[in-house]
Structure formats: structure tokens, C-alpha cells
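Chemist: Heads up: the sequence shown is residues 1 to 149, going by this note's numbering. We put the beta carbon where it would ideally sit given N, CA and C, even for glycine.
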Amino acid sequence: MALVIEGEERIAAPIDKVWAALNDPEVLKEAIPGCQNLDMKSPTEMAATVVLKIGPIKATFNGEVTLKNLNPPHSYTIQGEGKGGIAGFAKGGADVTLTEDGADTILKYAAKADVGGKIAQLGSRLIESTSKKLAGQFFSTFGDKVGNG
């Protein structure tokens, strides 16, 4: 089951600071909902453990996160794949674009996700609403952490 999530976040910080944070595993770990750990394996590869509750199913996903198409400090693609055992799998990616707007930075994202296994049986409406909520939480928390507020 595939879905697309798009959004935008205004961050009260210069573009270079936002770019650095997008590549900082500590900031990403704090912003990713349910993230238990995030370890840098190389400058563009991370291993992650995330605990998520989708409807009645709570699962621990172990996965890989890769950064691709790097165009500092303007854009990159973040791709990930996680396996949640009996719950199924989730994989996807997001194209993230940064644009300067005065002293602020506009972060836009277009994410695609695909889920399978037991999770996919929960129905597209629940999965889509949960995915949008999680993406919104991530970018909102990320903006709060990086912003000059």
C-alpha cells in the first residue's frame, strides 16, 4: 500500500544551520517519533530502531536510513526501510528542499511510503492519517529544535 505525504515547515534559522541539523543523527533521533536509537554508519547511512503504534498494532522496526541526491545546503532525499517482524514492513523516502526566506528557512517535503504485512491490513485511511501525523510531528519537532525560538 503506497501513499504520498507533502508538507512545509517554516524554521526560524538560517539555511546552513537547518542543513547541518538534517544531517545530525542526534537531532534526527530526537525528532523522529518513537526513535529508540539512530547510529551513523557512514556520512550518508544510519541504522535506526523505531517503536510505532498504528491502530491496535505496536511494533519495533529495525531499519536502515540512507541520504541520497545530496545538494548542500538546498536539498536531499532521505530513504528508509524498516522491518517490524510479524507486523510487517515500512519503506519510503522523502525529498527535502530548503529555501532561504529572509532570516528563516522554508523546509518542504514530499514523502512516499509503502507498507506491507499485518500493518497494511489495517486499512489505508488509518495508515494514511497515522503517516501524516508522524510526518507532521517529525518536521514540527525538527523545526522547534533547530529554530532560534
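Which residues share a DSSP beta bridge with I32?
Modeler: On the sequence shown, position 32 is the one that residue 32 refers to. DSSP output for I32 lists no bridge partner at all.
Chemist: Would you mind reading off the limits of the beta strand (DSSP E) that contains D104?
Modeler: Start at 1 with the first residue of the sequence shown, and residue 104 comes out as number 104. Start and end: D104 to G116.
Chemist: How about V115 and M1: do their beta carbons lie closer than 8 Å?
Modeler: In the sequence shown, counting from the first residue as 1, residue 115 sits at position 115. In the sequence shown, counting from the first residue as 1, residue 1 sits at position 1. Cβ distance < 8 Å, so V115 and M1 count as in contact.
Chemist: Please name the residue or residues paired with K133 in a DSSP beta bridge.
Modeler: Working through the sequence shown from its first residue, we reach residue 133 at position 133. Looking at the DSSP assignment, K133 forms no beta bridge with any residue, so it has no partner.
Chemist: Starting from L98, follow the beta strand (DSSP E) in both directions and report where the run begins and ends.
Modeler: Here the question's residue 98 lines up with position 98 in the sequence shown. Looking at the DSSP string, the run of the beta strand (DSSP E) that includes L98 is F89 to D101.
Chemist: Run through DSSP, which three-state label would G63 get?
Modeler: Indexing the sequence shown from 1 puts residue 63 at position 63. The answer is strand: DSSP assigns G63 an E or B state.
Chemist: Quick one: what's got a C-beta closer than 7 Å to A31's C-beta in the same chain, skipping five residues either side?
Modeler: As a first step, residue 31 must be located in the sequence shown, where it is residue number 31. If we look at A31 and ignore the five residues flanking it on each side, its Cβ neighbours are F138, T141, F142 and K145.
Chemist: Just curious, the alpha helix (DSSP H) that I86 is in, first and last residue?
Modeler: For the purposes of this step, residue 86 is identified with residue 86 of the sequence shown, where counting begins at 1. Unbroken run through I86: none, as it is neither H nor E.
Chemist: Compute the distance between the beta-carbons of A59 and L70, then report whether it is under 8 Å.
Modeler: Counting from one through the sequence shown, the residue named residue 59 turns up at place 59. Counting from one through the sequence shown, the residue named residue 70 turns up at place 70. Result no, Cβ atoms of A59 and L70 do not sit closer than 8 Å.
Chemist: With C-beta atoms as the reference, is A94 less than 8 Å away from G117?
Modeler: Counted from its first residue, the sequence shown places residue 94 at position 94. Counted from its first residue, the sequence shown places residue 117 at position 117. Not in contact: A94 and G117 (Cβ atoms no closer than 8 Å).
Chemist: What residues in its chain sit with their C-beta under 6 Å from that of G80, if we drop five residues either side in the sequence?
Modeler: Your numbering for residue 80 matches position 80 in the sequence shown. Hits under 6 Å: G63 and V65.
Chemist: Could you spell out the range, first to last residue, of the alpha helix (DSSP H) harbouring A20?
Modeler: Locating residue 20 in the sequence shown gives position 20, counting from the first residue. Note, A20: alpha helix (DSSP H), I15 to L22.
Chemist: Identify, in the order they occur along the chain, each residue of the same chain with its Cβ nearer than 6 Å to the Cβ of P56, setting aside the five sequence neighbours on each side.
Modeler: Numbered from its first residue, the sequence shown carries residue 56 at position 56. Hits under 6 Å: none found.
Chemist: Classify A103: buried if its beta carbon has 16 or more other beta carbons within 10 angstroms, exposed otherwise.
Modeler: Locating residue 103 in the sequence shown gives position 103, counting from the first residue. Flag for A103 reads exposed.
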